[in-house]
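Take the sequence shown: its letter number 119 is residue 119 in full-length UniProt numbering, and every next letter is one higher.
Backbone N, C-alpha and C fix where the C-beta goes; we use that ideal spot for every residue, glycine too.
The structure displayed is predicted, hence computed values, not measured ones.
Step one of this worksheet: look at the structure below.
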Amino acid sequence: MPSVSNIAAQTLQRRILDGQYPAGAALPGQRELAENLGISRASLREAISMLEALGLLRSFPGKGVFVTAGSKLSASDLPAGPSAMPPDAIFQMRFVIEPANASLAARARSAEGLDALRECMSEMQKALGANDLVTAADCDLRFHLALAELSGNPALAAITQQFQAQLAYSLRLPFADRSHIWHPADEHNVILAAVAAGNAAAARKAMQQHLRSAAGRVGIRFTQP
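Spelled out as structure tokens, the structure:
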């Protein structure tokens, strides 16, 4: 079930796409907007953070939150992530854990696990077709969490879950590059094909390439372990 902040992000995204909040416009003040949406200011701030990571909004201290209409972010403009963890550190951590998840998932694959991955991909592609980046990013997260579960290693699955907030943040960032919003889905399908075929080496390689490409789309550079 979507969280309150996720539903609020959906609503704000829809208002941006519908032109209610046009490019360059400032959002109403947080008190007014929270009351309008019927949510707490804490939930509103979380929703705004989601849309900032997706490149739809940008906050300017002392000035407000402005609609960017998906203008491409540079690495120096990336919004702060959870716990102020640097984006390159998150991607470096993912490069250690997620190729292992994919490799083990290919070895321990099950019909149920593969169906869960395929469902994530179907919903993600549908969301992308509708330009619904909030849902697409959520499906992206579910895909990566499902891979961790399919690995069969409870320790890796627990670590992946523990850093879910940081993972979700890093997954949203590449969608700010509007010219390549389908690339995450295309890369997921390569990973899924390798997992379904039981090819552990190919699954590991595909995940590594996915992480390098995702980071590169927003100018993030990290030292590969």
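Under the 10 Å beta carbon count, Asp138 is surrounded by 16 or more other beta carbons and is classified as buried. Each of Asp186, Ala203, Gln164 was checked against the Cα of Ala194, and the nearest Cα belongs to Ala203. For the pair Leu211 and Tyr169, the Cα-to-Cα distance works out to about 14 Å. Taking a contact to require three or more Cβ pairs closer than 8 Å, the region 50-62 and the region 101-115 do not qualify as touching.
Of the candidates Ser43, Phe163, Asn153, Glu187, Glu187 places its Cα closest to the Cα of Ala206. For the 8 Å CB-CB criterion, Asp88 and Phe175 do not form a contact. Between the beta-carbon of Gly198 and that of Arg109 there is about 6 Å, and that keeps the pair under the 8 Å contact cut. By the neighbour-count definition (other C-beta atoms within 10 Å, threshold 16), Val96 is an exposed residue. Contact check for Ala9 against Leu78 fails: the beta carbons are separated by 8 Å or more. Ranked by Cα distance from Ala185, the first of Thr135, Pro225, Gln224, Ala148 is Thr135. In the same chain as Ala116, and ignoring 5 residues on each side of it, the C-beta atoms closer than 7 Å to its own belong to Ala146, in chain order.
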